[in-house]
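Asks:
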Amino acid sequence: MSRVEAFRDTNLRVLVRELRTDIAMAVDDSFPLVYGLVDKNIITDKLLKDTLEKESTEGIHKAMYTLLSWILERSRSTIQAFWSNLTKDYNLDSYPKLQMLISNLHSNVRDVGSLVQGAGTLSSSTSVEPLVSNNARDKNHMEQVFNSDVVLGSVSAALATE
């Protein structure tokens with residue numbers, strides 16, 4: 015695995031971890047998201063069954079949190095596939111809170127882009143740090159994550175339909 019792949023893997027993984035509760039709370043029904051994960055072979059039929067059982071006993075939010083925890087333990091390709099599926103139009107249309115969460119993330123990426131452009135040419139995150147606050151540094155992290163072709167393409171496509 016190259017350093018770029020490791021970086022993207024870490025960022026996508028970190029993004030799932032940081033947003034796990036937010037995503038779980040944004041999903042109010044297992045369909046279409048969880049079923050789509052099965053259809054795309056991102057999760058197994060057994061995990062679908064376990065998730066649906068947990069949903070019936072503990073509610074959809076706890077079931078989603080458990081599912082997201084499982085995804086965190088998977089490979090880079092599984093995490094990329096999860097993000098690609100999560101940001102599909104039918105999921106964003108079905109879960110308004112999720113759509114808002116993704117839109118806010120994308121908006122933060124654009125804010126950082128203009129901040130970095132205004133600061134001149136910067137070659138590394140260490141040169142950015144003295145120029146920006148912790149909040150802006152978090153946004154810079156989001157920009158780096160969303161510069162992953164897989165996620166950026168999905169999020170941009172989803173936002174273009176608004």
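With my numbering applied, the sequence shown corresponds to residues 15 to 176, in that order.
All C-beta atoms in this analysis are idealised placements derived from N, C-alpha and C, irrespective of residue type, glycine included.
For clarity, every value in this text was computed on a predicted model and none was experimentally measured.
Pick helix, strand or coil for residue 46, following the three-state DSSP scheme.
Replies: Shown here, residue 46 sits in coil according to DSSP, grouped into three states, outside any helix or strand.
Asks: Using a Cβ distance threshold of 8 Å, determine whether the segment 26-35 contacts the segment 51-67, with at least three qualifying pairs required.
Replies: Pairwise C-beta distances place the segment 26-35 out of contact with the segment 51-67, as fewer than three of them are shorter than 8 Å.
Asks: When you compare only the Cα positions, how much space is there between residue 88 and residue 108?
Replies: 26 Å
Asks: Answer with buried or exposed for residue 83, where buried requires no fewer than 16 other C-beta atoms within 10 angstroms of its C-beta.
Replies: exposed
Asks: Quick check on the DSSP output: the alpha helix (DSSP H) that includes residue 72 runs from which residue to which?
Replies: 59-72
Asks: On a Cα-Cα basis, can you pick out the residue from 79, 42 and 35 that is closest to residue 106?
Replies: Among 79, 42 and 35, the Cα nearest to that of residue 106 is on 42.
Asks: Rounded to whole angstroms, how far is the Cβ of residue 38 from the Cβ of residue 79, which I believe are closer than 8 Å?
Replies: With 8 Å as the limit, residue 38 and residue 79 qualify as a contact, their Cβ atoms being about 4 Å apart.
Asks: Look at residue 40 and residue 100 and say whether their C-beta atoms are less than 7 Å apart.
Replies: no
Asks: What separation, rounded to the nearest whole angstrom, lies between the Cα atoms of residue 36 and residue 110?
Replies: 13 Å
Asks: Helix, strand or coil: which one does DSSP assign to residue 89?
Replies: coil
Asks: Which value, in whole angstroms, describes the spacing of the CA atoms of residue 122 and residue 116?
Replies: Taking the straight line from one Cα to the other gives about 10 Å.
Asks: Helix, strand or coil for residue 28, going by three-state DSSP, please let me know.
Replies: helix
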